[in-house]
Structure formats: structure tokens, C-alpha cells
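Asker:
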């Protein structure tokens, strides 16, 4: 039973299958977190996820599952844009902050120049 002899993994439980010791889902979708597999299954389908995991080296599967879970959540929140919507939003925030930084740096430069001008003016007066 996918590393746990007491209960099937979340995938086998949801799909009502017998969880074998070589179940591809068991290491990544434990029985105590059924929502994790349910959302991935709803968005991508169990068969597609199984194929993706089988094509990856074992050391990359956990990261792939994390990405699939993130993308599935994003797709549920925003069915049209999914994670691309979140990325676009963050890129816009970065651009806005870069503009604010440029304005602040320009203001600092103006203040520094005024300060230097005032210092030079005082030196030439005395």
C-alpha cells in the first residue's frame, strides 16, 4: 500500500483502487491529505499525472507534484489564466515598485544636489 500498510494513498482512495506497493502516487499523495490529490485530479486527470510522473526521474517527482498542486490551485482560483494570472500580477507589481524606486532615487539625487549647492554657496559667501 504505497509505503503505508494501514490505508491506501489519497489517489487510490479517491479512485477506489487497490493501492499497491509500487503505486506511483503513494509517495506524493498521502492518505491524510486527500484534497491535494483531488484538486490535481480535477484539473489534470489522474492518468495524465501518472504519465508525467513516470516520465520523470524519481528525484524530480516531488518538485513536479508541488508544481502541479500549485498550478491546480491557481487554475481553480482563476480558470482562465491560472498561474499565468498570478505571474502577470506579480510582474506588474515589480514594474510598479521599480518605477517608485526610480522616482525615489531621482528625488534623493535632487536633494543631494541641492544640499551640495547650498554648501558651495555658503563657502563662497564667507
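Numbering (full-length UniProt numbering), first residue to last: 1 to 126.
Quick reminder that beta carbons are idealized off the backbone N, C-alpha and C, glycines included.
Since the structure is predicted, the reported quantities are computational estimates derived from the model, not experimental observations.
1. Measure the alpha-carbon distance for residue 49 versus residue 39 and round it to whole angstroms.
2. In this structure, does DSSP put residue 12 in helix, strand or coil?
3. Buried or exposed: residue 4, going by 16 or more other Cβ atoms within 10 Å of its Cβ?
4. Classify residue 28: buried if its beta carbon has 16 or more other beta carbons within 10 angstroms, exposed otherwise.
5. Please work out which residues of its chain come closer than 7 Å, Cβ to Cβ, to residue 15, disregarding the five sequence neighbours upstream and downstream, and give them in chain order.
6. For residue 63 and residue 57, what's the separation of their Cα atoms in angstroms?
Answerer: With the given structure in hand:
1. Residue numbering aside, residue 49 sits at position 49 when the chain shown is read from its first letter. Residue numbering aside, residue 39 sits at position 39 when the chain shown is read from its first letter. Roughly 12 Å between the two C-alpha positions.
2. Locating residue 12 in the chain shown gives position 12, counting from the first residue. Helix at residue 12.
3. The residue labelled residue 4 in the question sits at position 4 within the chain shown. Residue placement at residue 4 is flagged as unreliable, the pLDDT there being 48, under the threshold of 50; the coordinate-derived value follows with that caveat. Exposed.
4. Along the chain shown, one-based indexing puts residue 28 at 28. Buried is the call here.
5. Translated into positions along the chain shown, residue 15 becomes position 15. Excluding residues within five positions, the ones whose Cβ falls inside 7 Å are 46.
6. Position 63 of the chain shown, counted from the first residue, corresponds to residue 63. Position 57 of the chain shown, counted from the first residue, corresponds to residue 57. Cα-Cα distance, rounded: 11 Å.
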